[in-house]
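Residues in the sequence shown are numbered consecutively from 520, following my numbering.
Where a beta carbon is used, it is the ideal one built from N, C-alpha and C, also for glycine.
Since this is a predicted model, take the numbers as computed values, not measurements.
Structure first, commentary second.
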Amino acid sequence: MRIALIIPTGGSQGAQSFYDYAFYSKFLLAKKYISCRLAIPTLAALTPAGHEIRVFDENIGEIDYAWGADLAAISVMTMFAPRAYEIAGRYRTQGVKTVLGGIHPSLLPDEALAHSDSVVIGEAEEVWPAVLHDAQAGRLKRVYQAGKPADLTCSPLPVRTHLARGRYLSDVVQTTKGCPYRCEFCCVHAFDGQRIRNKTVAQVVREIESIQGLGATYKKKKSIFFADDNIIANKTFARDLFQALKPLNINWMCQASMNIAQEQELLTSMRVSGCGAIFIGFESLQADTLDQMHKTVNRRYDYLDVIAKIQAHGMLVQASFILGSDGEGPSAFEELIDFIRESRLLAPVFNILTPFPGTELFARLEAQGRILHKDWSRYDTKHVVFTPARMTAEELLDGYRRVSREVYSFSSILERLHYYWDMGFWKEHNTIDPVRFRYRLLFAIRLCSLLASRRMERSRFIARILPRVFDPRVRVSSILALMAYNDSAYSL
Ligand code: B12
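Here it is as structure tokens:
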């Protein structure tokens, strides 16, 4: 069969997000995206030989409906569900069979079934070969349900040869699944379970080596993002993994829970093996709100202390915050702006509280009659889709925009960059992994070309940045990332 593996995006309905990578594409003068969703190389690996595969990722290009697919398989996150249904509808009018899978159809299979021939509930590992077998025999079932969580030690090596790899800025690798916590707003424990399952270290090493075999050089160019929800959930495994990553010479980043701050030995071995940044869900500055979220792991920590301890190891903390929880009134926005100023977090992430289907939060807000609508395209953490407790929906949206713009104004960015440059934060990175002169020069030339666009704030920023671009303490990738955050904050 000819199988189209598809990643839908928000189409024109979604608000611009940093994760659209729109600024990167504009700046680099080529359509680029962060990375291909790992579900796709996973499905490719599970597909028996003899089938023909094409991957269509709407983040980097259009779907070729004329290709003549026999089966269209679409991976669906909640905010892209309406677009996924549109794509499935178009294929169905062409007589092509469609299968929807991923987190959204798994949590709302009946809804997905109204738009497709078949739905896979849960992970593909156990059921994908059966789906293909039935599709080929013309007996596609309506529902396939994975019986139990996949044993990751048996997972095949994801196949990345079908990907337009030059379009992606990084690669995603997953070493564990599951999260021990049960945060009210999160659907990971409902989908992946609370028990931590891991691949073997040897599997992960093989996977990275196979990516390197495709021509990726991770120092100077790309990095690997570990898609684990919490890379230190199994500390013994994490310790072995970091040891094994060391000789692979990669730059990497990951997600972890806040208790990582007390793990001095792990932090050292993370840095030594190439970790540059750790994404941590800070969520709220208020203890009561953390309690309501069941984010108990954060309660024991002083946030400033956490940031200091981790950053002392040369890794950036990328803190993520949720705005609009029931305990928070309008004053929460100013408090957050003040906290960012005080902590000097370089690239914090702000999300409007979003009740994703399948979460305890969704169930509670629905029972309270506070869900405003189920237009999933707006369940993207950039829109308000519920009635907040202590402010209006408009106040929440305004506050979110104010925080994003204040923190990512060019003057705030510049202040924070100077702070990191002056303390020599990237000194060690730049010694082991120097930024090539050629990149610095190209970056400077592209910055100069932006001066012509007459955006005064940005031009002033560029004028101040330019003399720094060749400074050995500077990493141009962090300037580019912050400019992208500015761009998305001001297009909200
Ligand atoms: C990595 C990741 C990212 C990366 C993505 C990089 C990339 N291009 O891959 C980054 C950091 C960019 C990111 C961004 C966002 N993310 Co994210 N992300 C994840 C994370 C941690 C892992 C996803 C992953 O790679 N899993 C590994 C693969 C192998 O698993 P999988 O995708 O689930 O696929 C398996 C099954 O679902 C199934 N399957 C999947 N698709 C299909 C299709 C078919 C046909 C079949 C048969 C089966 C199948 O089989 C697969 C193999 O087992 C998940 C959390 C999680 N545990 O899932 C959140 C998660 C997916 N993200 C989420 C969110 C909300 C976002 C953002 C909106 C956050 C924001 N504030 O902007 C953005 C949206 C970005 C965008 N435009 O796409 C939510 C989605 C909730 C939902 N209901 O949709 C999740 C679940 C996190 C959470 N705690 O709620 N994210």
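{"Check": "Report the start-end ranges of each beta strand (DSSP E) in the stretch 770 to 812 that is 3 residues or longer and not cut off at the edges.", "Outcome": "771 to 774, 794 to 802"}
{"Check": "In chain order, what residues of the same chain lie with their CB nearer than 7 Å to the CB of G641, ignoring the 5 residues before and after it?", "Outcome": "S625, Q664, A665"}
{"Check": "Which partner residues of T695 appear in the DSSP bridge assignment?", "Outcome": "N717"}
{"Check": "Count the other CB atoms, across all protein chains shown, that sit within 10 Å of the CB of S850; report buried if there are 16 or more and exposed otherwise.", "Outcome": "exposed"}
{"Check": "Using 8 Å as the cut-off, can you tell me whether the stretch 814 to 831 makes contact with the stretch 889 to 899, which would need three or more C-beta pairs spanning the two stretches below that distance?", "Outcome": "no"}
{"Check": "Following a CB-centred definition, is V642 positioned closer than 7 Å to any heavy atom of the ligand B12?", "Outcome": "Residue 642 is actually Glu in this sequence, not Val. Indeed, a heavy atom of the ligand B12 lies less than 7 Å from the Cβ."}
{"Check": "On the three-state DSSP scale, how would you describe K754?", "Outcome": "helix"}
{"Check": "At a threshold of 7 Å, does T617 count as lining the ligand B12 (C-beta to nearest heavy atom)?", "Outcome": "no"}
{"Check": "Are the CB atoms of G621 and V650 nearer to each other than 8 Å?", "Outcome": "no"}
{"Check": "Just to confirm before moving on: does the CB-CB distance between I983 and L915 stay below 8 Å?", "Outcome": "For clarity, residue 983 is Arg in the given sequence; the question names Ile instead. No, the Cβ-Cβ distance between R983 and L915 is not below 8 Å."}
{"Check": "Which of the three DSSP states is assigned to L676 in this structure?", "Outcome": "coil"}
{"Check": "Given the structure, does A563 come close to the ligand B12, in the sense that its CB is under 7 Å from one of the ligand's heavy atoms?", "Outcome": "no"}
{"Check": "A591 and I526 - do their beta-carbons sit closer together than 8 Å?", "Outcome": "no"}
{"Check": "Per DSSP, what are the beta-bridge partners of V993 in this structure?", "Outcome": "Answer by DSSP bridge pairing: none, since V993 is not bridged."}
{"Check": "With a threshold of 16 other CB atoms inside 10 Å of the CB of C698, please say whether the residue is buried or exposed.", "Outcome": "buried"}
{"Check": "Flag this pair as yes or no: are the beta carbons of L659 and P560 separated by less than 8 Å?", "Outcome": "no"}
{"Check": "Could you give the DSSP three-state label for V988: helix, strand or coil?", "Outcome": "coil"}
{"Check": "Would you call Q774 buried or exposed, if buried means 16 or more other Cβ atoms sit within 10 Å of its Cβ?", "Outcome": "buried"}
{"Check": "Looking only at its chain, what residues have a beta carbon closer than 6 Å to the beta carbon of V724, apart from the 5 residues adjacent to it on each side?", "Outcome": "A763"}
{"Check": "Leaving aside the five residues before and after S844 along the sequence, list all residues of the same chain whose C-beta is less than 7 Å from its C-beta, in chain order.", "Outcome": "S803, T808, Q811, M812, L872"}
{"Check": "Look at the alpha carbon of T617 and the alpha carbon of A568, and state the distance between them as a whole number of angstroms.", "Outcome": "20 Å"}
{"Check": "Quick check on G620: does DSSP put it in helix, strand or coil?", "Outcome": "strand"}
{"Check": "Excluding sequence positions up to five away, which residues of its chain have a Cβ less than 6 Å from the Cβ of G833?", "Outcome": "R790, E947"}
{"Check": "How many angstroms separate the CA atom of L671 from the CA atom of Q731?", "Outcome": "21 Å"}
{"Check": "Taking just the CA atoms, how far does K893 sit from F905?", "Outcome": "10 Å"}
{"Check": "Hey, how far is the Cα of A656 from the Cα of V615?", "Outcome": "14 Å"}
{"Check": "Near R540, which residues of its chain fall below 8 Å by C-beta distance, leaving aside the five closest residues on each side in sequence?", "Outcome": "Per the sequence shown, the amino acid found at residue 540 is Tyr instead of Arg. Excluding positions up to five away in sequence, the list reads K551, Y552, I553, N578, L688, A1003."}
{"Check": "Quick one: Cα of F710 to Cα of V988, how far?", "Outcome": "44 Å"}
{"Check": "What I want to know is whether the C-beta of H623 ends up closer than 7 Å to one or more non-hydrogen atoms of the ligand B12.", "Outcome": "yes"}
{"Check": "Can you tell me the Cα-Cα spacing of T597 and T612, whole angstroms?", "Outcome": "23 Å"}
{"Check": "State the DSSP-derived secondary structure class of N870, mapped to helix, strand or coil.", "Outcome": "strand"}
{"Check": "For V816, which residues of its own chain have a beta-carbon under 8 Å away from its beta-carbon, when the five flanking residues on both sides are left out?", "Outcome": "Y700, S776, M777, N778"}
{"Check": "For M772, does the count of other Cβ atoms within 10 angstroms reach 16, so buried, or fall short, so exposed?", "Outcome": "buried"}
{"Check": "Figure out for me which residue from H708, R661, T694 has the closest Cα to the Cα of R758.", "Outcome": "T694"}
{"Check": "Please state whether the Cβ-Cβ distance between R521 and A588 is less than 8 Å.", "Outcome": "yes"}
{"Check": "Kindly indicate the opening and closing residues of the alpha helix (DSSP H) around V646.", "Outcome": "Segment: none, V646 is in no alpha helix (DSSP H) and carries neither H nor E."}
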